[in-house]
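In what follows, a structure is listed as structure tokens, so that the remarks can point back to it.
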């Protein structure tokens, strides 16, 4: 159980274009999903918290107009990288926590999306 | 704020035991997670500690001391496939997980 599916696994795009990444919870509902970014040999850095039916909460330094997040249903969150630039090339990973009513349920991660902007 | 510290790299021999340490300073601490991440892949959940003491799961065990702000992950009977990064992450209140930079473990024959 607790499977998070992320699509696509990898994408190559040209500078200036937009890329959409989907994150789905397959066997549970997730009112909250988290988007992380990871550069080579670095740790996972939280970009934003996606909230179903409301605006996402962005971490300091993350441009909300560049990284558009939509959480339209209890099982789907999307991250759109707008006007992508080579410095946006990274590994983007979504995650969700099963709502058990307890704070100690672990995060389950999607398989990640490797974005390369040329 | 939250600060998590763990060694950058470790090397151990196949069949041996290795301990990966993690220290943290967080306000409103609620729990400590360990994740395994192979190169190019997403992290996978290993263990969770909220109370002091040792949690054992097969070859992997995790220990927590809340008073010392200290945790470790113990891997026994090391296998080559255990070569990966091991991420320590803390959880405070209702905030998202904050990850350390990870410890890259190399298992050699």
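Residue numbers (the numbering used here), protein chains in the order written: chain A, 1 to 118; chain B, 1001 to 1109.
Beta carbons: idealized from backbone N, C-alpha and C, even for Gly.
Along chain B, in chain order, which residues have C-beta atoms closer than 8 Å to that of residue i?
i: residue 110 of chain A; result: 1042
i: residue 28 of chain A; result: Those within 8 Å of residue 28 of chain A in chain B number zero; the least Cβ separation is about 14 Å.
Output, in chain order, the set of chain B residues within a Cβ distance shorter than 9 Å of residue i.
i: residue 93 of chain A; result: 1042, 1043
Note down, in chain order, every chain A residue with its Cβ under 8 Å from the Cβ of residue i.
i: residue 1101 of chain B; result: 42, 43
Please classify residue i: is it buried, with 16 or more other beta-carbons within 10 angstroms of its beta-carbon, or exposed?
i: residue 33 of chain A; result: buried
i: residue 1108 of chain B; result: exposed
i: residue 3 of chain A; result: exposed
i: residue 957 of chain B; result: In the structure as shown, chain B begins at 1001 and stops at 1109. Residue 957 of chain B is therefore absent and cannot be evaluated.
i: residue 86 of chain A; result: exposed
i: residue 47 of chain A; result: buried
i: residue 1017 of chain B; result: exposed
i: residue 56 of chain A; result: buried
i: residue 1038 of chain B; result: exposed
i: residue 116 of chain A; result: exposed
i: residue 1027 of chain B; result: exposed
i: residue 8 of chain A; result: exposed
i: residue 1049 of chain B; result: buried
i: residue 18 of chain A; result: exposed
Starting from the beta carbon of residue i, find every residue of chain B whose beta carbon is closer than 7 Å, and list them in chain order.
i: residue 106 of chain A; result: 1033, 1045, 1048
i: residue 49 of chain A; result: 1096
i: residue 34 of chain A; result: 1096
Which residues in chain A sit within 9 Å of residue i, going by Cβ to Cβ distance?
i: residue 1087 of chain B; result: 43, 44
Report task. For the segment 1001-1048 of chain B, list the alpha helix (DSSP H) runs that are entirely contained and at least 4 residues long, ordered along the chain. Result -> none
Query raised in the report: If you pair each beta-carbon of the segment 5-25 of chain A with each one of the segment 64-77 of chain A, do three or more pairs fall below 8 Å?
Result: yes
Query raised in the report: Just checking, does the segment 1020-1040 of chain B make contact with the segment 1089-1106 of chain B on the three C-beta pairs under 8 Å criterion?
Result: yes
Query - Completely contained beta strand (DSSP E) runs for the segment 1055-1080 of chain B, where each covers 3 or more residues - result: 1060-1065, 1070-1075
Query raised in the report: Can you find at least 3 beta carbon pairs, one from the segment 1079-1092 of chain B and one from the segment 1002-1012 of chain B, that sit closer than 8 Å?
Result: yes
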